[in-house]
Amino acid sequence: MARLTEDNVRLAKEIIGRYPRPRSAMIPLLHLAQQQDGYVTNDAMVHIGELVGATSAEVYGTASFYEMFKFEPVGKYLVNICGTMSCALMGSEELMHHAEHKLGVKAGGTTSDGMFTLEHAECQAACTEAPCLQVNYRYRFRVTAESFDSLIDDLSAGRLTAEIPDHGTVAKVLQHIPADRGVGAVPPESVTEAPAWLDGKAAL
Amino acid sequence: MSGTYAHAPGFIAGDRPKIVTSRFEYEDSFTLQRYLATDGYQGLRAALGRAANEVHDEVKSATVLGRGGAGFPAGTKWGLTPQGVYPRYLVVNGDESEPGTYKDRLLMERDPHQLIEGCLIACYAAGLSQCFLYIRGEMALAQERVAAALNDAYAAGYVGKNILGSKFSVDIVLHWGAGAYVVGEETALIESLEGNRGMPRLKPPYFPAAIGLYGQPTIVNNVETLANLPWLMLNGAEAYTAIGTKTSPGTRMVAVSGHVNRPGVYEIINGLTTFRDLLYKEEFCGGIRNGNQLKAFVPGGGSAPWFTEDQLDIPFEGPQAGAAGSMLGSGAVMVMDETTDIPAAALTLTRFYAHESCGKCTPCREGGTWLERILSRVVDGKGTMADLDQLIEVGTSICPGDFPHASNAKLGISAVPFPYKMNTICFVGPSAYAPVNSALVLFREEFEAKIVKRNTIPVTAVGAAS
Ligand SMILES: Cc1cc2nc3c(=O)[nH]c(=O)nc-3n(C[C@H](O)[C@H](O)[C@H](O)COP(=O)(O)O)c2cc1C
Ligand code: SF4
Ligand code: FES
């Protein structure tokens with residue numbers, strides 16, 4: 001149970017500053033919280049509400065709409081097997097059965113050592129590479145029973161830590177807008193003029 | 205990340221014009237260095253050398269059709285903003301989640317600068333003062349590549365204050381989602397970007413071009429739509445419209461998945477390439493796997509009514525697909541061969557839309573769930589003939605009247621053209637019904653067989669290997 005750390009508050013404020021209204025930063029900040037603790041804690045939601053000017057109920061209201069946010073701990077590795085049409089046509093149901101057997105949990109469950117949570121997922125925009133899965137949102141394509149087993153073995157042995165961060169971290173690279181290069185966000189009501197370049201002349 | 209390059213094998217095959225995938229052949233296609241070495245940011249420079257309204261006119265005369273699903277021309281859309289109301293925003297739809305669709309992620313991962321340049325051209329032409337690039341939450345690599353590209357582009361003076369030393373200034377803010385299909389719908393995307401649950405707004409009055417982000421005029425464009433703009437600015441509308449047909453100029457990316465020999469993402473010529481070309485030609489998918497027969501295909505993403513071999517000669521031309529009873533949608537073809545268990549295949553899509561309903565309107569929230577339950581029962585061999593009528597009854601409560609479907613010479617049925625009437629706010633509800641309707645109209649005997657024989661074919665047999 002944790003509020004955002006000092007470093008994350010700094011990052012959160014930078015992110016909030018990019019939007020005309022602070023509340024727009026809600027989802028990015030929820031990701032930040034999930035990255036910090038592995039799931040979204042109640043304290044973090046209260047803290048995010050304070051930062052963006054919303055009640056914690058409003059923060060939870062938004063957060064609970066989205067599949068990626070977890071409100072209880074999940075495995076270090078979240079394994080999402082796609083079950084939508086293209087993957088189903090190429091054998092994703094068999095893959096799911098195999099995965100359940102290999103990990104010893106049903107879809108939706110977490111292994112007793114806390115390493116893996118297995119989930120059914122919907123189309124992951126990799127339909128030509130079916131059946132596919134994601135581990136903490138990193139893809140594996142055209143997955144077979146054998147490649148699934150070696151993936152799990154590699155993850156268990158810690159051989160993929162450089163490539164696949166722990167659950168919560170989505171992108172490892174974040175945007176940074178240099179202070180001297182950014183235009184800056186302003187609330188919409190403080191702008192009424194047409195942008196300078198709409199003067200009927202070439203900008204260059 | 206290793207291993208990503210070898211995938212989506214189709215995209216470089218053949219000798220066709222490449223408007224948006226020209227850099228995909230380079231392993232470092234996503235870097236600023238490669239971009240600059242291959243005409244990068246030259247389209248922007250050309251645009252800034254002209255007045256904004258001239259750039260807008262050029263895009264209008266090229267008829268760049270929206271690639272997000274509806275196919276509305278981008279230049280026309282930009283012109284729908286109310287006169288004199290500022291600020292106006294650009295929201296880039298990178299939420300790609302429609303079943304079968306796989307192109308925007310490639311464009312973001314492999315050529316992020318092309319997208320950034322496209323965003324800049326749109327902002328310049330339409331007077332949009334800030335851009336929000338909304339990337340689907342589950343796409344970690346795309347987020348990393350676009351973030352890195354933006355960081356480089358800011359540092360090099362291509363984005364931000366006084367771009368290329370001109371009076372044009374705009375920020376591009378990378379925003380990312382958290383997993384919800386319906387957020388791809390443009391008004392839901394805006395709700396989500398405002399920090400809310402991603403539920404669609406009622407149109408009218410909430411047409412984004414008039415009342416969008418923070419109630420301001422907002423242009424929502426798909427990633428691929430915007431990725432066309434750098435090439436267009438550099439080569440001109442005349443060169444653009446010389447490719448494809450008058451009503452569907454240029455190229456478009458199409459992902460073909462399922463039972464073909466070479467599934468992949470192909471940049472095809474708009475309006476001319478036919479489904480037969482795409483499925484059977486060597487330069488594309490090279491035929492159905494194992495020499496099997498084609499049973500059916502979904503021509504435009506999971507929401508689209510299905511086609512069979514009778515429709516193979518239809519080209520990628522919206523009005524023709526519409527008259528034949530379906531749509532081209534988001535450029536996603538899913539192919540089913542003779543081994544496919546049709547009711548089970550339909551269920552994978554209906555389950556998707558039922559699961560992704562935001563719950564705002566009753567016909568979708570309740571209807572989708574019922575469609576899924578009844579269909580599951582039938583697929584599990586526990587259905588009755590009355591269930592089949594029930595499926596149609598529930599479907600009709602979502603979409604009153606005849607639902608679009610394809611003609612079939614063998615069955616002696618003729619096409620009901622697209623689109624349908626609907627009782628819902630957005631297309632998620634009708635999309636739950638589309639696969640059920642297509643499957644029932646075209647393959648009713650498979651449903652009946654399950655009921656009569658009490659077949660308990662498990663869902664695993666969807667694409668039984670042969
Ligand atoms: C349920 C639903 C989901 C959608 N998903 C997407 C999507 O993931 N990506 C997208 O670009 N458009 C999607 N659209 C279409 C958008 O609402 C919008 O029309 C499009 O982004 C406009 O861009 P374009 O004019 O450049 O095509 C979806 C529409 C609906 C109804
Ligand atoms: S049709 Fe479905 S997803 Fe769309 S607004 Fe209604 S309930 Fe939500
Ligand atoms: S259906 Fe599995 S990635 Fe699209």
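Chains L and V are the protein sequences, given in the same order. Take the first sequence: its position 134, counted from the start at 1, is 134 in the numbering used here, and no numbers get skipped. Heads up: take any position in the second sequence, counting from 1, add 204, and you land on the numbering used here. Idealized CB from N, CA, C, for every residue including glycine. This structure is a prediction, so every number in the text was calculated from the model and none was measured.
Residue i versus residue j - alpha carbon distance
i	j	result
Glu122(L)	Asp591(V)	26 Å
Met589(V)	Gly491(V)	36 Å
Asp299(V)	Glu521(V)	24 Å
Cys323(V)	Met437(V)	12 Å
Ala171(L)	Asp153(L)	24 Å
Gly388(V)	Tyr338(V)	10 Å
Pro178(L)	Asp375(V)	11 Å
Phe715(V)	Val583(V)	Examination of residue 715(V) is not possible in this model, given that chain V is present from 205 through 670 alone.
Gly207(V)	Glu486(V)	Per-residue confidence for Gly207(V) stands at a pLDDT of 34, beneath the threshold of 50, marking its modelled position as unreliable; no derived number is given.
Glu542(V)	Trp510(V)	15 Å
Pro286(V)	Ala414(V)	6 Å
Val224(V)	Arg271(V)	12 Å
Lys586(V)	Ala125(L)	33 Å
Ala44(L)	Arg3(L)	5 Å
Ser452(V)	Gly364(V)	34 Å
Tyr39(L)	Met68(L)	10 Å
Ser156(L)	Asp149(L)	11 Å
Buried or exposed by the 16-neighbour rule on C-beta atoms within 10 Å, applied to residue i
i	result
Glu334(V)	A small fix is needed here, since residue 334(V) is Gln in this sequence, not Glu. Under this definition Gln334(V) is a buried residue.
Asp545(V)	buried
Ala210(V)	At Ala210(V), the pLDDT of 45 sits below 50, so the modelled position is not reliable; the number obtained from the coordinates is stated separately. Burial call: exposed.
Arg753(V)	Within the shown structure, residues of chain V are numbered from 205 to 670, placing residue 753(V) beyond reach of any answer.
Gly17(L)	exposed
Phe276(V)	exposed
Glu129(L)	buried
Leu406(V)	exposed
Ser64(L)	exposed
Val656(V)	exposed
Lys499(V)	buried
Thr161(L)	exposed
His101(L)	exposed
Thr55(L)	exposed
Arg254(V)	buried
Residue i (DSSP reduced to helix, strand or coil)
i	result
Glu348(V)	helix
Pro453(V)	strand
Tyr470(V)	strand
Gly361(V)	coil
Gly402(V)	coil
Met540(V)	strand
Phe336(V)	strand
Val186(L)	coil
Tyr60(L)	helix
Thr461(V)	Note that residue 461(V) corresponds to Ser in the displayed sequence, not to Thr. DSSP places Ser461(V) in strand when its eight states are reduced to three.
Ile617(V)	strand
Ala500(V)	strand
His609(V)	strand
Ile152(L)	helix
Leu393(V)	helix
Thr110(L)	strand
Pro623(V)	coil
Bounding residues of the alpha helix (DSSP H) (the contiguous stretch that carries residue i)
i	result
Cys630(V)	Counting along the chain, Cys630(V) falls outside any alpha helix (DSSP H), and DSSP gives it neither H nor E.
Gln524(V)	522 to 527
Ile48(L)	42 to 52
Ile492(V)	Taken as a continuous stretch (DSSP letters only), Ile492(V) belongs to no alpha helix (DSSP H), as it is neither H nor E.
Thr267(V)	Segment: none, Thr267(V) is in no alpha helix (DSSP H) and carries neither H nor E.
Ile578(V)	566 to 583
Integer Cβ distance of residue i from residue j, believed to fall under 8 Å
i	j	result
Gly605(V)	Lys625(V)	5 Å
Ala329(V)	Ala256(V)	5 Å
Ala459(V)	Tyr306(V)	4 Å
Tyr386(V)	Cys562(V)	Residue identity check: residue 386(V) is Val in the sequence provided, not Tyr. At roughly 5 Å, the Cβ-Cβ gap stays under 8 Å, so Val386(V) and Cys562(V) are in contact.
Start and end residues, beta strand (DSSP E) containing residue i
i	result
Ile15(L)	No beta strand (DSSP E) contains Ile15(L), which is instead part of the alpha helix (DSSP H) from 6 to 16.
Gly298(V)	293 to 298
Asp375(V)	375 to 380
Ala121(L)	116 to 121
Arg140(L)	138 to 140
Val79(L)	77 to 82
Gln134(L)	133 to 135
Val598(V)	Counting along the chain, Val598(V) falls outside any beta strand (DSSP E), though it belongs to the alpha helix (DSSP H) covering 589 to 602.
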